[in-house]
Ligand SMILES: [Zn+2]
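Residue numbers (this note's numbering): 1 to 367.
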């Protein structure tokens, strides 16, 4: 990796870094650093702190106008496109409420195209989908996308800027890793679906690693059929669906529920907020769900060597995070986990913009 790339990537991660520290990390002399910073002068701000004695320390940060990023999140409720400057400040945004008739490859492609077309001046684009991504091809049960190819369908190559396609949970993990400064991050996306992403930041030595975990389809027992074809998936015993079933309709089955999810939105809202008005009842309803999640999460923490989990998603709440933390740690001596509730509303947009900036630095600016 070129030194210029390392410098920019490091400042993006740290936001503000002392020049001396960066020289040590990249192992260059002060004079080489002067030369490199001059090459990057359109991208980096250098501030001097008020001197106490001798030479004032210099701090480096990315300048506001270094680049503009278009970040788009595509979820079941809305498509949101945000234009950020290089300091991560929101310049403009556009939102489209996703309707039932939008749910198909063509439908999503149309509204996504319209959303992107509202913007014309940016240096890099990133799109995050609620779904799974393999080689830039998107599959999503909740968006009714099958083998959707955004690169071809949106003609992203013709935009003339670098692009990235990731999943929403990857975007959240990237955002959490930067925000907390942690090198290992585990995000659980909880709702009617259960997804997870494990993100490992490898500093400047290799590429960052995302590992999407099909958490909802890990085996958890029971005899209920899942839409994926398996029986006994975690989603059939531990997703929001289970709560709706217990609370509202004992005869409900998972596949029907997923196919007619919109009909249950009101009930979902009620059960997700039940802990605020009737905590005892909520505890009872969530008991089984929490037990299943706690065991799977505890085992996963041992497997990955993590001590913190961030809970996101429509079914998540501070209350659920607290219940899970308590339960996990009571199960086994080698489970020692803190469960945080991630309530940053634009975490997906922020995370995908971060990945799009990294892509821009690697593919264009310092190529
Ligand atoms: Zn399944």
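We treat Cβ as the ideally placed atom computed from N, Cα and C, and that holds for glycine.
- Message: Under 7 Å: does the beta carbon of residue 292 sit that close to some heavy atom of ligand 1?
- Response: no
- Message: Using C-beta distances below 8 Å, list every residue in its chain close to residue 221, excluding the 5 sequence neighbours before and after it, in chain order.
- Response: 232 and 237
- Query: Do you know offhand how far residue 183's Cα is from residue 198's?
  - Reply: 10 Å
- Query: Start and end of the beta strand (DSSP E) containing residue 43?
  - Reply: Here residue 43 belongs to no beta strand (DSSP E), and DSSP marks it neither H nor E.
- Spatial distance of residue 200 from residue 312 (CA atoms): 18 Å
- Task: Evaluate residue 16 with the Cβ neighbour count: other Cβ atoms within 10 Å of its Cβ, from every protein chain shown; 16 or more gives buried, anything less gives exposed.
- Result: exposed
- Message: What residue range does the alpha helix (DSSP H) around residue 131 cover?
- Response: Where residue 131 is concerned, there is no enclosing alpha helix (DSSP H), given that its DSSP letter is neither H nor E.
- Message: Nearer than 7 Å: is that true of the beta carbon of residue 261 relative to any heavy atom of ligand 1?
- Response: no
- Item | heavy atom of ligand 1 below 7 Å from residue 235 C-beta | yes
- Query: Between residue 189 and ligand 1, is the CB less than 7 Å from at least one heavy atom?
  - Reply: no
- CA-CA distance, residue 162 and residue 359? 7 Å
- Message: Closer than 7 Å to a non-hydrogen atom of ligand 1 - does that hold for the CB of residue 230?
- Response: yes
- Contact belief for residue 164 with residue 356 at Cβ below 8 Å, rounded distance in angstroms: 6 Å
- Message: Just to confirm my understanding: we take residue 156, look at its own chain, exclude 5 residues before and 5 after, and list those with CB closer than 8 Å. What are they?
- Response: 125, 150 and 163
- Quick one: complete alpha helix (DSSP H) runs, 4+ long, within the stretch 248-302? 254-259 and 265-277
- Relative to the C-alpha of residue 174, which residue among 44, 344, 334 and 241 is closest? 344
- Where residue 220 falls: helix, strand or coil (DSSP): coil
- Message: Quick check: the Cα distance between residue 224 and residue 255, rounded to an integer number of angstroms?
- Response: 9 Å
- Task: Answer yes or no: the CB of residue 96 versus the heavy atoms of ligand 1, is any distance below 7 Å?
- Result: no
- Locate the alpha helix (DSSP H) running through residue 147, then write down its first and last residues. Residue 147 -> not in any alpha helix (DSSP H); beta strand (DSSP E) instead, spanning 145-148.
- Rounded separation between residue 105 and residue 196 - CA only: 24 Å
- Query: Since residue 308 is in the beta strand (DSSP E), which residue starts that stretch and which ends it?
  - Reply: 308-312
- Message: Nearest by alpha-carbon distance to residue 322: which of 101, 339, 6 and 270 is it?
- Response: 339
- Message: Tell me the rounded alpha-carbon separation between residue 251 and residue 314.
- Response: 24 Å
- Task: Throw me the rounded Cβ distance for the residue 141 and residue 227 pair, which I believe falls under 8 Å.
- Result: 7 Å
- Message: On the DSSP letters alone, give me the boundaries of the alpha helix (DSSP H) that residue 10 sits inside.
- Response: 3-14
- Buried/exposed call for residue 67, threshold 16 Cβ in 10 Å: buried
- Query: How would you call residue 160, buried or exposed, if buried means at least 16 neighbouring beta carbons within 10 angstroms?
  - Reply: exposed
- Task: Give a single yes or no on whether residue 134 has its beta carbon closer than 7 Å to a heavy atom of ligand 1.
- Result: no
- Query: Just to confirm, are residue 229 and residue 168 a CB contact at a threshold of 8 Å?
  - Reply: no
- Task: Please determine, among 43, 131 and 110, the residue with the shortest C-alpha to C-alpha distance to residue 4.
- Result: 43
- Candidates 331, 349 and 202: which alpha carbon is nearest residue 294's? 331
- Task: Check whether the stretch 107-118 touches the stretch 88-99, taking contact to mean three or more Cβ pairs, one atom from each stretch, closer than 8 Å.
- Result: yes
- Message: Short of 8 Å in beta carbon distance, which residues of its chain neighbour residue 103, apart from the five on each side in sequence? Order them along the chain.
- Response: 143 and 144
- Query: residue 140 bridges to which residues according to DSSP?
  - Reply: 145
- Item | Helix, strand or coil at residue 109 [DSSP, three-state] | helix
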